[in-house]
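Here the structure is laid out as structure tokens; the discussion comes afterwards.
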């Protein structure tokens, strides 16, 4: 059972089927976007590499409960600033 620390994890624990459907749709959408941007082979490979990287970070940091919503929002904002303004 998930330790219910916020409303999102509480909702996910009680609505597993909806959460899995939404997660699957988001993963499929990201793979399709990667395929459109990079081509078929490169898009599939790139999507798998990105997915494995993110999941390994989740496995490493989830027991520490380091990522709270303010930290995630700050990292997302910094990522967008670096991506779109600098590069």
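In the numbering used here, the protein residues as written are 1 to 87. Note that CB positions come from ideal geometry on N, CA and C, so glycine has one too. Treat the numbers as computed from the prediction; the structure is a model and nothing was measured.
Asked                                                                                                                                                       : Found
So, does the stretch 18-29 touch the stretch 38-46, judging by three or more C-beta pairs under 8 Å?                                                        : no
Residue range of the alpha helix (DSSP H) that residue 62 falls in?                                                                                         : Counting along the chain, residue 62 falls outside any alpha helix (DSSP H), and DSSP gives it neither H nor E.
Does DSSP put residue 39 in a helix, a strand or coil?                                                                                                      : coil
Please report the distance separating the alpha-carbon of residue 44 from that of residue 14.                                                               : 32 Å
Taking residue 47 and residue 34 to be in contact with their CB atoms under 8 Å, please state how far apart those CB atoms are, rounded to whole angstroms. : 4 Å
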